[in-house]
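Heads up: the structure comes next, in structure tokens.
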Amino acid sequence: MKTSLSLPIQDENKSSLSSALDRELEQLEGQICEDIELEVLPSIAIKERCEATQQNSSK
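Numbering (our numbering), first residue to last: 1175 to 1233.
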């Protein structure tokens, strides 16, 4: 069984999805920069590292 997709529609969907992802990424990057400025991110990273260490030692 062979199915064919129309490429123009696919390309439109890809580009609109891509631009939506780009916008979301820009927002996330802005948020990350704010978090670093507020020194929120380092504490989160330290917390995650501690949790990972605890999980590894409990195995």
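Yeah, the Cβ is synthetic: ideal placement off N, Cα and C, and Gly gets one too.
Taking the straight line between their C-alpha atoms, what separation do you get for residue i and residue j?
{"i": "R1197", "j": "E1211", "result": "21 Å"}
{"i": "E1222", "j": "L1202", "result": "19 Å"}
{"i": "E1186", "j": "I1206", "result": "30 Å"}
{"i": "T1227", "j": "S1190", "result": "41 Å"}
Determine whether the beta carbon atoms of residue i and residue j lie at a separation below 9 Å.
{"i": "D1209", "j": "I1220", "result": "no"}
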